[in-house]
Amino acid sequence: MRARYDHLLGTERPAIVEIVSWAAGNGDRSENGDYLYGRKRMREIDRELAFLARRMKAARVIDPAKMEDRSRVLFGACVEIADEDDNRRVLTIVGDDEQDASANLIGWSAPIAKALRGARVGDLRVVRLPAGEKEWEIMSVSYPAA
Numbered sequence: 007m008r009a010r011y012d013h014l015l016g017t018e019r020p021a022i023v024e025i026v027s028w029a030a031g032n033g034d035r036s037e038n039g040d041y042l043y044g045r046k047r048m049r050e051i052d053r054e055l056a057f058l059a060r061r062m063k064a065a066r067v068i069d070p071a072k073m074e075d076r077s078r079v080l081f082g083a084c085v086e087i088a089d090e091d092d093n094r095r096v097l098t099i100v101g102d103d104e105q106d107a108s109a110n111l112i113g114w115s116a117p118i119a120k121a122l123r124g125a126r127v128g129d130l131r132v133v134r135l136p137a138g139e140k141e142w143e144i145m146s147v148s149y150p151a152a
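Quick note on numbering: the sequence shown equals residues 7 to 152 in the working numbering.
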């Protein structure tokens with residue numbers, strides 16, 4: 007997030023400001039594509055900068071290796087779950103900005119992560135998905151080594 011913020015603020019926004027000021031000097035702004043596009047892009051950049059600033063201010067670094075209660079599913083947990091047909095999946099609960107379903111990294115706010123929060127080995131949890139409800143049993147919970 008910090009790298010994206012710095013790139014937008016230090017590189018992209020100054021380039022757009024330069025284009026907009028050049029285009030504004032060309033006269034009629036109502037039909038000036040460079041000016042109109044530049045202003046639009048500047049608003050998009052400013053919105054993203056504000057979003058990133060809020061996220062970085064609220065963000066906390068949590069080291070899953072230092073979790074005290076390793077028996078429950080909390081942030082950073084690697085969880086093995088099994089459904090009614092004994093189909094097993096291994097998921098890691100990560101921050102929403104780090105989620106990647108193809109790598110089994112599930113965001114903290116995802117429905118399955120919300121259902122698994124606080125669960126222990128042997129617990130059954132029901133996940134409400136668009137296709138319907140599905141029940142999962144927690145087979146194991148682990149965290150990275152300290």
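C-beta: ideal position from N, C-alpha, C; glycine also. Note that the structure is predicted; figures quoted are calculated from it, not measured.
Counting of Cβ neighbours within 10 angstroms places Ala-121 among the buried residues, the total reaching 16 or more.
Note that the C-beta distance between Glu-139 and Leu-130 is not below 8 Å.
In summary, Ala-119 is buried, with 16 or more beta-carbon neighbours lying within 10 Å of its beta-carbon over all protein chains present.
Partner residues in the beta bridge of Asp-106, as assigned by DSSP, are Leu-111.
In the DSSP assignment, Glu-24 falls within the alpha helix (DSSP H) that extends over 19-30.
Bridge pairing for Val-100: Gly-113 [DSSP].
By the neighbour-count criterion, in which 16 or more other beta carbons inside 10 Å mark a residue as buried, Thr-17 falls on the exposed side.
Fewer than three pairs of CB atoms, one per stretch, sit closer than 8 Å, so the region 105-116 makes no contact with the region 59-68.
In the structure shown, the three-state DSSP call for Met-145 is strand. Apart from sequence neighbours up to five positions away, the residues of its chain that approach Arg-94 with a beta-carbon distance below 8 Å are Glu-86, Ile-87, Ala-88 and Met-145, ordered along the chain.
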